[in-house]
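Asker: Below: one structure in structure tokens.
In the numbering used here, the protein residues as written are 406 to 521.
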């Protein structure tokens, strides 16, 4: 089992920045793929960014150049640095861990609201 706890969400003005953190515990290993997803009201959950065990990353087109995903395998932490935030980035952001055999684990989510 893997437990994930997100933090760092909040209210920010358009153009501002936030850094989300995800603390992982349990049977988490450095080769697990970690990701950030988001779900806006009335919309399906969508992938924001992933970071693979080797450190390579993948981003949704809508956040490329603005968001950066990173991980600290010693501390079992995953981060999402979000810059130049837009109102359309408003959503609940979820941390995700995926094992190589396909099992997935989710955090409880953290709300990000971008509004003036």
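All C-beta atoms in this analysis are idealised placements derived from N, C-alpha and C, irrespective of residue type, glycine included.
Should residue 411 go down as buried or exposed, given a rule of 16 or more other Cβ atoms within 10 Å for buried?
Answerer: With 16 or more Cβ atoms within 10 Å of its Cβ, residue 411 is classed as buried.
Asker: Contact between the stretch 453-463 and the stretch 407-425: three or more CB pairs below 8 angstroms?
Answerer: No: fewer than three Cβ pairs fall under 8 angstroms.
Asker: By alpha-carbon positions, which one of 473, 481, 487 and 516 ends up nearest to residue 431?
Answerer: Residue 481 is the option with its Cα nearest to residue 431.
Asker: Just list the residues that DSSP pairs residue 451 with in beta bridges.
Answerer: In DSSP, residue 451 forms a bridge with 443.
Asker: Rounding to the nearest angstrom, what Cα-Cα distance links residue 442 and residue 497 in this structure?
Answerer: Cα to Cα, residue 442 sits roughly 8 angstroms from residue 497.
Asker: Quick check on the DSSP output: the beta strand (DSSP E) that includes residue 489 runs from which residue to which?
Answerer: Taken as a continuous stretch (DSSP letters only), residue 489 belongs to no beta strand (DSSP E), as it is neither H nor E.
Asker: Are residue 518 and residue 495 touching if we call contact CB-CB under 8 angstroms?
Answerer: Yes. Within cutoff.
Asker: Determine whether the beta carbon atoms of residue 420 and residue 467 lie at a separation below 8 angstroms.
Answerer: Not a contact, by the Cβ cut-off of 8 angstroms.
Asker: Looking at the unbroken beta strand (DSSP E) that takes in residue 511, where does it start and where does it end?
Answerer: That run of the beta strand (DSSP E) goes 509-511.
Asker: On the CB-based measure, 16 or more other CB atoms within 10 Å of its CB, does residue 415 come out buried or exposed?
Answerer: By the 10 Å Cβ count, residue 415 comes out exposed.
Asker: Measuring alpha carbon to alpha carbon, tell me which residue in 463, 446, 483 and 465 is nearest residue 435.
Answerer: When each option's Cα is compared against that of residue 435, the closest is 483.
Asker: When the Cα atoms are used, what is the spatial distance from residue 463 to residue 491?
Answerer: Rounded to whole angstroms, residue 463 to residue 491 spans 20 angstroms at the Cα level.
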